[in-house]
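Q: Below you'll find the structure I mean.
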Amino acid sequence: MPPVAMDHLPHYDCGVVLTGSAGRIREGFEVLALKKIDKLIVSGVYKDTKLHQIFPLLPYYPEIQSDDIVLEKISGSTYGNAVQSLQVVETLKCRNILLITSHLHMYRAYKTFRENFPNEIQISPYVITASIHENSYWDVMTEAFKSLCYPVITLIPWLFFS
1 MPPVAMDHLP HYDCGVVLTG SAGRIREGFE VLALKKIDKL IVSGVYKDTK LHQIFPLLPY
61 YPEIQSDDIV LEKISGSTYG NAVQSLQVVE TLKCRNILLI TSHLHMYRAY KTFRENFPNE
121 IQISPYVITA SIHENSYWDV MTEAFKSLCY PVITLIPWLF FS
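Numbering (the UniProt record's numbering), first residue to last: 1 to 162.
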């Protein structure tokens, strides 16, 4: 899907922003502030983190209500993001979501979410502009490796801890 300018986005029930690189969370809050989504799920937040710590600029966004933000604090991987976000999405009764992550991460994230979400829930990718540091050779190679091996990697805990 080609990138869509934020002001041309249709409306979604929920946005799911995946933590992990600079700019993702800020972009999620911008989409929420523009009322393109009703609820924002920030997936993969460290367990002791408070809202003001991940987005200290919140007081400057009077159009955002803290009730419209859910911090998902259980997941530690893209697979975990998908599984844990699904529980929140279902609780909020979201029928369509905007998946917000970086260009480098989107292929694997979208594929993982699509495999774990029911077909009735529409998932639309929203790619944010990559930071200058995200497209290093090492980052690209790491993401390529993860994309190729992710189906096997996600089975490791199941194989050893079931």
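All C-beta atoms in this analysis are idealised placements derived from N, C-alpha and C, irrespective of residue type, glycine included.
#1: Report yes if the C-beta distance between Tyr-12 and Ile-37 is below 8 Å; otherwise report no.
#2: Taking the alpha helix (DSSP H) that Ile-54 falls in, what are its first and last residues?
#3: Excluding five sequence neighbours on each side, which residues of the same chain lie with their C-beta closer than 6 Å to the C-beta of Leu-9?
#4: How many whole angstroms separate the CB atoms of Leu-18 and Asn-81, which I take to be in contact at a CB cut-off of 8 Å?
#5: Can you tell me whether Ser-66 is buried or exposed, with buried defined as 16 or more other CB within 10 angstroms of its CB?
#6: Do you know offhand how far Ile-97's Cα is from Ser-21's?
#7: May I ask you to report which of helix, strand or coil DSSP gives Glu-63?
#8: From this set, Ile-128, Arg-26, Val-89 and Lys-111, which residue's C-alpha is nearest Ile-121's C-alpha?
#9: Could you give the DSSP three-state label for Val-83: helix, strand or coil?
#10: Return the chain-ordered list of same chain residues with a C-beta closer than 8 Å to the C-beta of Ile-128, the five sequence neighbours on each side being excluded.
#11: Quick one: what does DSSP say Leu-9 is sitting in, helix, strand or coil?
#12: Lys-111 to Glu-63, Cα distance in whole Å?
#13: As a quick exercise: from Leu-71, Leu-58 and Cys-14, pick the residue whose alpha carbon is nearest that of Val-45.
#14: Let's test the definition: count the other Cβ atoms within 10 Å of the Cβ of Gly-15 and tell me whether it reaches 16, buried, or not, exposed.
#15: Report the rounded CA-to-CA distance for Thr-78 versus Pro-125, giving the unit in angstroms.
#16: Quick one: residues in its chain with C-beta nearer than 6 Å to the C-beta of Ile-74, no 5 flanking neighbours on either side, listed in chain order?
A: By the coordinates alone:
#1: Cβ atoms of Tyr-12 and Ile-37: closer than 8 Å.
#2: Looking at the DSSP string, the run of the alpha helix (DSSP H) that includes Ile-54 is 51 to 54.
#3: Excluding positions up to five away in sequence, the list reads Lys-36.
#4: The distance from the Cβ of Leu-18 to that of Asn-81 is about 5 Å, consistent with a contact at the 8 Å cut-off.
#5: With fewer than 16 other Cβ atoms within 10 Å, it is exposed.
#6: When the Cα atoms are used, Ile-97 and Ser-21 turn out to be separated by approximately 20 Å.
#7: DSSP places Glu-63 in coil when its eight states are reduced to three.
#8: Cα-wise, what sits closest to Ile-121 is Val-89.
#9: In the structure shown, Val-83 falls within a helical segment according to DSSP collapsed to helix, strand and coil.
#10: Within the same chain, Ile-128 has close Cβ partners Gly-23, Arg-24, Glu-27, Ile-100, Thr-101, Ser-102 and His-103.
#11: Coil.
#12: Cα to Cα, the separation comes out at about 32 Å.
#13: The residue with the shortest Cα to Cα distance from Val-45 is Leu-71.
#14: Classification for Gly-15: buried.
#15: Taking the CA atoms as reference points, Thr-78 sits about 14 Å from Pro-125.
#16: Closer than 6 Å at the Cβ level, and outside the excluded window around Ile-74, lie Gln-84.
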